[in-house]
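Engineer: In mature numbering (1 follows the signal peptide of the UniProt record, and there is no 0), the protein residues as written are -25 to -1, 1 to 451.
#1: Return the bridge partner residues of residue 99 from the DSSP annotation.
#2: Going by the beta-carbon positions, is the gap between residue 237 and residue 356 smaller than 8 angstroms?
#3: Hey, quick one: how far does the alpha helix (DSSP H) through residue 194 stretch, first residue to last?
#4: Any idea if residue 197 is buried or exposed, counting beta-carbon neighbours within 10 angstroms, 16 or more meaning buried?
#5: What does a CB cutoff of less than 7 angstroms around residue 108 pick up in its chain, not counting 5 residues either side in sequence?
#6: With residue 117 as the anchor, note down where its beta strand (DSSP E) starts and where it stops.
#7: Check residue 55 in the structure and name its three-state DSSP category.
#8: Is residue 332 near the ligand SAH - that is, is its Cβ less than 7 angstroms away from at least one heavy atom of it?
#9: Given residue 95, which residues of its chain have a CB within under 7 angstroms of its CB, disregarding the five upstream and five downstream residues?
#10: Do the region 42 to 58 and the region 83 to 101 meet, that is, are 3 or more Cβ pairs less than 8 angstroms apart?
#11: DSSP beta-bridge partners for residue 254?
#12: Based on DSSP bridge pairs, tell me the residues matched to residue 30.
#13: Under the three-state reduction of DSSP, which class applies to residue 154: helix, strand or coil?
#14: Just curious, the beta strand (DSSP E) that residue 122 is in, first and last residue?
#15: Looking at residue 191 and residue 100, is the spacing between their C-beta atoms short of 8 angstroms?
#16: Taking all protein chains shown into account, decide if residue 344 is buried (16 or more other Cβ within 10 angstroms of its Cβ) or exposed.
#17: Look at the alpha carbon of residue 285 and the alpha carbon of residue 162, and state the distance between them as a whole number of angstroms.
#18: If we count the other Cβ atoms within 10 Å of its Cβ and call it buried at 16 or more, is residue 454 buried or exposed?
#19: Are the beta-carbon atoms of residue 399 and residue 210 separated by less than 8 angstroms?
#20: For residue 31, count the other beta carbons within 10 Å of its own beta carbon; 16 or more makes it buried, fewer makes it exposed. Which is it?
#21: Between which residues of its own chain and residue 66 is the CB-CB distance below 6 angstroms, once the five residues before and five after are set aside?
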């Protein structure tokens, strides 16, 4: 009863947030007649007071990589002697210095203009960081000693050059995860898996949590945290509608959850994503996606599904025909899973250091809130269905961990640069924040286990002399 009620409450809250966002957008887009008319008159008056110069840029738009410099041509015509009577300062400026700057300062030599009434020169533009900005001409000391900006602007985009380390990271993670799934296949208990599918309470709860609760949660959080940025809303919503991540199986093993249930839910989630992702894209998320050119990466999801099933099949074959090798693989499964988690977290942080400059408190809260609330909801929902703790743990982990790789791919597929890189900060934040509560739980379980061992001693005495000591303690 609690699960449908909670989902309904979340849905109502999301609808209320959406209505508030739509009302806000309507108010911004349609100001009152008095306010709108006054602003229009003020703008017209400002335009009349601007210099009647003709400004042209060469090229008409500029795209450059981070930490590179390109040359830009600037031509100003129509300058009269009266325009320069007060010796104004004319400068080419960047709207956002943290995106692009002019190393030389961008000052226009007024002395040259006085001779011909025309300026024709070149400036160096340096790309600082990912983003979009504009260059414009600013005149200080204009009529009545005012500072004015001329309306002609040059759009600039700064993008990131693809690096070798990005390809190395992707390839190494793919190889290691494939090897790990071979181990999962060798450890998979087929009779238990069949029993799970005969009575699929756990997979059904996991499916509803993954494809009902998480999309609603990501949609609501996106509108609450990023009301004025549809790009970041897309980043969070793409993360929420993505299927479960492969790391959920790894964490289930590390924390002692039901691996068979986790593997079954991951497989179901990955295959169901073919239909559920488009369903959310063309229903609740339509008002977000209309602003971008969207396409669902069916090939990417299919590749992920095959990449999950094939190593599992290899592991099952090893279990069937080489049981001795399978026992060795099962023995090294947990330490290898822990090493892989550390590798992914550390390497992901190193390869995406530039994104930390974009982190704000809203992005951090989004990265924390989506997986952490997912953990809590998945555990409470499964406990409400009276499932064992191992099953509840598997469902909790499966709900909270999203396949951020698919989310990042979706963003890069649907948005141009540099927006494609900028929006990935949300799934990257979620990927970084996701393991922290799981690491904390793992440390707590290990401490409890060690404390219990110190208090009660080993469950099985190592030798006969130890058994004799225990017997003497009991008689006394």
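From the three backbone atoms N, C-alpha and C, an ideal C-beta is built for every residue, glycine too.
Treat the numbers as computed from the prediction; the structure is a model and nothing was measured.
Structural biologist: Reading it off the structure:
#1: The residue you call residue 99 lines up with position 124 of the chain shown. According to DSSP, residue 99 bridges with 46.
#2: Here the question's residue 237 lines up with position 262 in the chain shown. Here the question's residue 356 lines up with position 381 in the chain shown. Contact flag unset, no.
#3: For the purposes of this step, residue 194 is taken as residue 219 along the chain shown, with counting starting at 1. Here the alpha helix (DSSP H) through residue 194 covers 189 to 200.
#4: Here residue 197 refers to the residue found at position 222 of the chain shown. With 16 or more Cβ atoms within 10 Å of its Cβ, residue 197 is classed as buried.
#5: Taking the chain shown and counting its residues from 1, one reaches residue 108 at position 133. Result list for residue 108: 69, 70, 71, 74, 75, 131, in chain order.
#6: Walking along the chain shown from the start, residue 117 turns up at place 142. Note, residue 117: beta strand (DSSP E), 106 to 117.
#7: Counting from one through the chain shown, the residue named residue 55 turns up at place 80. Coil.
#8: Looking at this structure, you won't find the ligand SAH or any other ligand, since it has none at all.
#9: Along the chain shown, one-based indexing puts residue 95 at 120. Excluding residues within five positions, the ones whose Cβ falls inside 7 angstroms are 50.
#10: yes
#11: Taking the chain shown and counting its residues from 1, one reaches residue 254 at position 279. Answer is none; residue 254 lacks a bridge partner.
#12: As a first step, residue 30 must be located in the chain shown, where it is residue number 55. DSSP lists 51 as partners of residue 30.
#13: Taking the first residue of the chain shown as position 1, residue 154 is located at position 179. Note: residue 154 maps to helix in three-state DSSP.
#14: As a working note, residue 122 is residue 147 in the chain shown. Note, residue 122: beta strand (DSSP E), 121 to 134.
#15: Position 125 of the chain shown, counted from the first residue, corresponds to residue 100. Position 216 of the chain shown, counted from the first residue, corresponds to residue 191. Not closer than 8 angstroms, so no.
#16: The sequence position of residue 344 within the chain shown is 369, counting from 1. With 16 or more Cβ atoms within 10 Å of its Cβ, residue 344 is classed as buried.
#17: Within the chain shown, residue 285 is the residue found at index 310, counting from 1. Within the chain shown, residue 162 is the residue found at index 187, counting from 1. C-alpha separation (whole angstroms): 15 angstroms.
#18: Residue 454 lies beyond the stretch modelled for the chain, which goes from -25 to 451, so this question has no answer here.
#19: Counted from its first residue, the chain shown places residue 399 at position 424. Counted from its first residue, the chain shown places residue 210 at position 235. Yes; because the gap between Cβ atoms is below 8 angstroms, this pair is in contact.
#20: Within the chain shown, the letter at position 56 stands for residue 31. By the neighbour-count rule (16 or more Cβ atoms within 10 Å), residue 31 is not buried but exposed.
#21: For the purposes of this step, residue 66 is identified with residue 91 of the chain shown, where counting begins at 1. Same-chain partners within the cutoff: 81, 82, 113.
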